[in-house]
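Trainee: One structure coming up, written as structure tokens, with questions to follow.
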């Protein structure tokens with residue numbers, strides 16, 4: 001009787017072990033999988049931050065140019081090799097978001113990421129929503145990707161992940177001088193300049209692209225088009241409210257990043273006034289046309 005009792009106890013322990021052990025192993029494997037995800041996220045975040053800081057540093061030099069084309073045609077011979085290379089990489093990123101992906105990939109271990117839980121490996125990381133100084137001094141690097149689930153429970157899809165770093169370009173702050181030289185000749189003060197109703201700068205050239213916008217009409221939402229800086233177009237917050245049709249007449253500008261449903265939208269309409277420089281001495285000159 002005692003022998004029979006011992007064998008029953010032993011059998012019950014075996015059954016319990018066979019039920020509990022697989023559950024424990026599954027939870028342990030899931031725990032290790034999430035640890036791997038956290039490690040990859042930490043590596044990726046560190047790299048996109050390094051890339052953003054590199055762009056922010058180079059932006060100080062780029063801020064002296066009017067546009068990307070002028071910077072690309074600049075004589076780089078007097079720059080040292082490191083700064084020359086950083087400027088080239090920055091200009092490529094400002095004109096095309098795909099170059100941001102290239103800069104990030106060059107800093108990561110391709111083998112470890114391609115064999116990781118990220119769907120598609122390094123190629124599965126998308127940077128299309130990134131912007132480098134497009135309409136502002138912001139450097140916004142956005143990395144989006146999907147994480148594979150090792151065991152599909154109840155048809156769960158891949159997990160969407162987004163990592164982001166947003167920095168301000170180190171373009172410097174130009175303070176107004178504490179004193180000014182007074183000249184006997186007042187001709188400079190009588191110089192004609194141009195301002196807009198809500199402008200915060202004055203312009204020396206009436207054809208400056210900041211005030212003379214090139215408005216173009218298109219017959220559908222510009223999902224595939226890019227502006228001259230390589231950026232996407234988004235709906236204007238001023239003239240487009242809520243849902244709007246895919247096709248129809250919309251208006252875009254060469255350097256803007258919004259599309260408009262009204263040609264006279266306040267965001268693209270400029271009322272230009274011609275004034276003397278002495279009237280707007282308190283305003284700084286436009287960086288784009290200050291060279292005349």
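Numbering (the UniProt record's numbering), first residue to last: 1 to 292. Built from N, CA and C at the ideal position, the CB exists for glycine as well. Keep in mind that this is a model prediction, so the values were computed, not measured.
#1: Nearest to residue 214 by alpha carbon, out of 162, 267 and 241?
#2: For residue 29, which option in 150, 210 and 287 has the closest C-alpha, if you only look at C-alpha atoms?
#3: Apart from the five residues just before and just after residue 49, which ones in its own chain have a Cβ nearer than 7 Å to its Cβ?
#4: Check this for me: beta carbons of residue 271 and residue 196, under 8 Å apart or not?
#5: So residue 158 and residue 142 are in contact, right, with Cβ under 8 Å, and what is the actual spacing, rounded?
#6: Can you tell me the Cα-Cα spacing of residue 233 and residue 129, whole angstroms?
#7: Distance, Cα to Cα, residue 287 vs residue 33?
#8: I need the DSSP call for residue 113, collapsed to helix, strand or coil.
#9: Determine, using beta carbons only, whether residue 221 and residue 246 come nearer to each other than 8 Å.
#10: Could you tell me the alpha carbon to alpha carbon distance between residue 211 and residue 200, rounded to whole angstroms?
#11: Report the CB separation of residue 51 from residue 118 in whole angstroms; it is logged as a contact under 8 Å.
#12: Identify the residues that DSSP records as bridge partners of residue 163: which are they?
#13: With a floor of 3 residues, list each beta strand (DSSP E) that falls wholly inside the segment 264-288, ordered by position along the chain.
#14: How would you label residue 44, buried or exposed, when you count the other beta carbons within 10 angstroms and need 16 or more for buried?
#15: Output the distance between the C-alpha atoms of residue 240 and residue 145, rounded to the nearest integer angstrom.
#16: Kindly indicate which three-state DSSP category residue 235 falls into: helix, strand or coil?
#17: For the beta strand (DSSP E) that contains residue 220, what are its first and last residues?
#18: For residue 53, tell me which candidate among 139, 115 and 36 has the shortest Cα-Cα distance.
#19: So which of 122, 137, 216 and 192 has the shortest CA-CA distance to residue 263?
#20: Per DSSP, what kind of secondary structure is residue 49 in: helix, strand or coil?
#21: Look up residue 43 in the DSSP assignment and say whether it is helix, strand or coil.
#22: Between the C-alpha atoms of residue 204 and residue 162, what's the straight-line distance to the nearest angstrom?
#23: Per DSSP, which one or two residues make a beta bridge with residue 126?
#24: Just tell me which of 170, 237 and 194 has its CA closest to the CA of residue 273.
#25: Express the C-alpha separation of residue 230 and residue 209 in angstroms, rounding to a whole number.
#26: Using the three-state DSSP reduction, which class does residue 304 fall into: helix, strand or coil?
#27: Assign residue 132 to one of three DSSP states: helix, strand, or coil.
#28: In chain order, what residues of the same chain lie with their CB nearer than 7 Å to the CB of residue 249, ignoring the 5 residues before and after it?
Mentor: Put simply:
#1: 267
#2: 150
#3: Counting only Cβ-Cβ distances below 7 Å, and skipping sequence neighbours, we find 165.
#4: Result yes, Cβ atoms of residue 271 and residue 196 sit closer than 8 Å.
#5: Incorrect: roughly 18 Å between the Cβ atoms, too far for contact.
#6: 11 Å
#7: Spanning the two alpha carbons is a distance of roughly 51 Å.
#8: Reduced to three states, the DSSP call for residue 113 is helix.
#9: Contact flag set, yes.
#10: 12 Å
#11: Not a contact, Cβ separation roughly 18 Å.
#12: 143
#13: 272-276
#14: Burial state of residue 44 is buried, judged by a 10 Å Cβ sphere holding 16 or more other Cβ atoms.
#15: 30 Å
#16: In this structure, residue 235 counts as strand in the three-state DSSP scheme.
#17: 215-220
#18: 139
#19: 216
#20: Residue 49 falls in the helix class under three-state DSSP.
#21: Taken through DSSP and simplified to helix, strand or coil, residue 43 comes out as helix.
#22: 43 Å
#23: 144
#24: 194
#25: 17 Å
#26: This structure gives no information on residue 304, because the portion of the chain shown stretches from 1 to 292.
#27: DSSP places residue 132 in strand when its eight states are reduced to three.
#28: 217 and 219
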